[in-house]
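As structure tokens, the structure follows; a few thoughts come after it.
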Amino acid sequence: MPLYLSRFSYTPETWARLIGHPEDRAKAAQAYIESVGGKLHGFWYAFGKHDGYNLWEAPDHVSMASVALAISGGGALSSFETTVLLTVDETLDALRKAGQVQYRPPGA
19 MPLYLSRFSY
29 TPETWARLIG
39 HPEDRAKAAQ
49 AYIESVGGKL
59 HGFWYAFGKH
69 DGYNLWEAPD
79 HVSMASVALA
89 ISGGGALSSF
99 ETTVLLTVDE
109 TLDALRKAGQ
119 VQYRPPGA
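Residue 19 is where the sequence shown starts when you use my numbering, and the numbers rise one by one after that.
Given below as structure tokens:
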């Protein structure tokens, strides 16, 4: 199954709710991804541009997109970005295929 890395930031209102009622949001994230047949591999909070990171596995891009859309539409986050992760073998395959693409720079 494909892997995905998500970066998220909470709204100030969400932080205020969590301060008033602390809860383990990893459990919620796990339930979301499992509802589409996926798996949560990690959930971390961080300092910096993003408040946290998730590492997910999902059966396909549509399944991951459905989770991302549901979370984004919930209103608790100020940002949510997801990146598809490629294995080394997938990257090697892409590199081989890239060698077959007849690219022409603009204006050349």
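Idealized CB from N, CA, C, for every residue including glycine.
Listed in chain order, the non-local C-beta contacts of SER81 below 8 Å within the same chain comprise VAL54, GLY55, GLY56, local neighbours out to five positions each way being set aside.
When DSSP reads this structure, GLU99 sits in a beta bridge with ARG25. SER90 places its beta carbon 7 Å or farther from that of THR29. No Cβ-Cβ contact shorter than 7 Å links SER27 with ASP78. Setting aside the 5 residues that flank it on each side, LEU21 is surrounded in the same chain by GLU75, LEU103, each with a C-beta closer than 6 Å to its C-beta; the list follows chain order.
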